[in-house]
Amino acid sequence: MGRPALLAAGAVLVLSGCSGMGLGPTSPSEAALACPKVNIVRDLQEVTVFRPGGKDLTDLESRAALTDFTGSCDYTSSGVTVNVNVYLVAERGPALQGSTAKYQYFVALAQPDDTLVSKAYFDTDVTFVPGQPRAGTREELTPKIPLPKDANAKDWKIYLGFQLTPEQLNFNRTQVKK
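Each step along the sequence shown adds one to the number in the working numbering, with nothing skipped, and position 20 is 288.
What follows is the structure, encoded as structure tokens:
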């Protein structure tokens, strides 16, 4: 999958409420309790991994993109649990040794005023089948938002992205400009 295809597949998606996806509450009283907004951070939706010291295509080990997510919410008396499935697609590069690429991504939770409440890191492996240049995985996450009874999580935010090195972030930003 070429970079334009990865970018198109990994376009920033905003879940503005689970009810809009048909995953939310069904009654009018439940409809007022919507899901938080889920965002894949644009500069952090892709990661490109080069072998140490490498910077060109022959040094490419792999690249991956967070391409999509689905979700739903479960409200309880102690808050809301957001059930999120994150989809990651990876492409094998010519410099990858072995059949597995490793990536680290994060899930951050922010209050309505964008104050960061928590950030959790997750490692995932993508294994490439011999002869197949692409592979993917689905990550199942369940961030919890502690809220008083009858409070609404609709203005809270969940941010998803790869945990990048400064060099990887700079690479992403220069690729967007091209």
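A virtual CB, placed ideally from N, CA and C, is assigned to each residue, including glycine.
Using CA atoms only, rank isn't needed, just tell me which of Phe374, Pro380, Gln400, Gln365 is closest to Thr392. For this step, residue 392 is matched to residue 124 along the sequence shown. Per the Cα distances, Phe374.
Just tell me which of Val315, Ala378, Gly429, Thr433 has its CA closest to the CA of Tyr240. The chain is shown from 269 up to 446; residue 240 falls before or after that span and cannot be answered.
Exposure of Thr294, with buried meaning 16 or more beta-carbon neighbours within 10 Å: Here residue 294 is taken as the residue at index 26 of the sequence shown, counted from 1. Confidence at Thr294 is low in this model, with a pLDDT of 41, below 50, so the placement of that residue is unreliable and no value is reported for it.
Spatially closest choice to Arg331 from Pro362, Asp423, Ser345, by CA coordinates: Here residue 331 corresponds to residue number 63 of the sequence shown, with the count starting at 1. Checking every option, the nearest Cα to that of Arg331 belongs to Pro362.
Could you tell me whether the Cβ atoms of Ala358 and Val309 are closer together than 8 Å? By one-based count along the sequence shown, residue 358 stands at place 90. By one-based count along the sequence shown, residue 309 stands at place 41. No, they are not a contact pair.
Closer than 7 Å by C-beta to Pro401: which residues in its own chain qualify, once you throw out the five before and the five after it? Chain order, please. Locating residue 401 in the sequence shown gives position 133, counting from the first residue. Excluding residues within five positions, the ones whose Cβ falls inside 7 Å are Glu359, Arg360.
Report the rounded CA-to-CA distance for Asn420 versus Ile413, giving the unit in angstroms. Start at 1 with the first residue of the sequence shown, and residue 420 comes out as number 152. Start at 1 with the first residue of the sequence shown, and residue 413 comes out as number 145. Taking the straight line joining both Cα atoms gives about 10 Å.
Evaluate Leu312 with the Cβ neighbour count: other Cβ atoms within 10 Å of its Cβ, from every protein chain shown; 16 or more gives buried, anything less gives exposed. Taking the sequence shown and counting its residues from 1, one reaches residue 312 at position 44. Buried, since its Cβ has 16 or more Cβ neighbours within 10 Å.
Extract the residue ranges of the beta strand (DSSP E) inside the segment 399-423, only unbroken runs of 3 or more that lie entirely within it. 402-409, 412-414
Among residues of its own chain, excluding the 5 on either side of Ser346, which ones have a beta-carbon nearer than 7 Å to its beta-carbon? Here the question's residue 346 lines up with position 78 in the sequence shown. The answer, listed in chain order, is Pro414.
Measuring alpha carbon to alpha carbon, tell me which of Pro320, Leu334, Ala378 ends up nearest Leu328. Position 60 of the sequence shown holds residue 328. Nearest of Pro320, Leu334, Ala378 to Leu328, Cα basis: Pro320.
In angstroms, rounded to a whole number, what distance separates the CA positions of Thr405 and Asn351? In the sequence shown, residue 405 corresponds to position 137, counting from 1. In the sequence shown, residue 351 corresponds to position 83, counting from 1. Roughly 16 Å separates the two Cα atoms.
Can you tell me whether Leu432 is helix, strand or coil according to DSSP? By one-based count along the sequence shown, residue 432 stands at place 164. Residue state, collapsed to three classes: coil.
C-beta contact flag for Pro304 and Lys422 at 8 Å: Here residue 304 corresponds to residue number 36 of the sequence shown, with the count starting at 1. Here residue 422 corresponds to residue number 154 of the sequence shown, with the count starting at 1. Yes, the pair counts as a contact, with Cβ atoms nearer than the cut-off.
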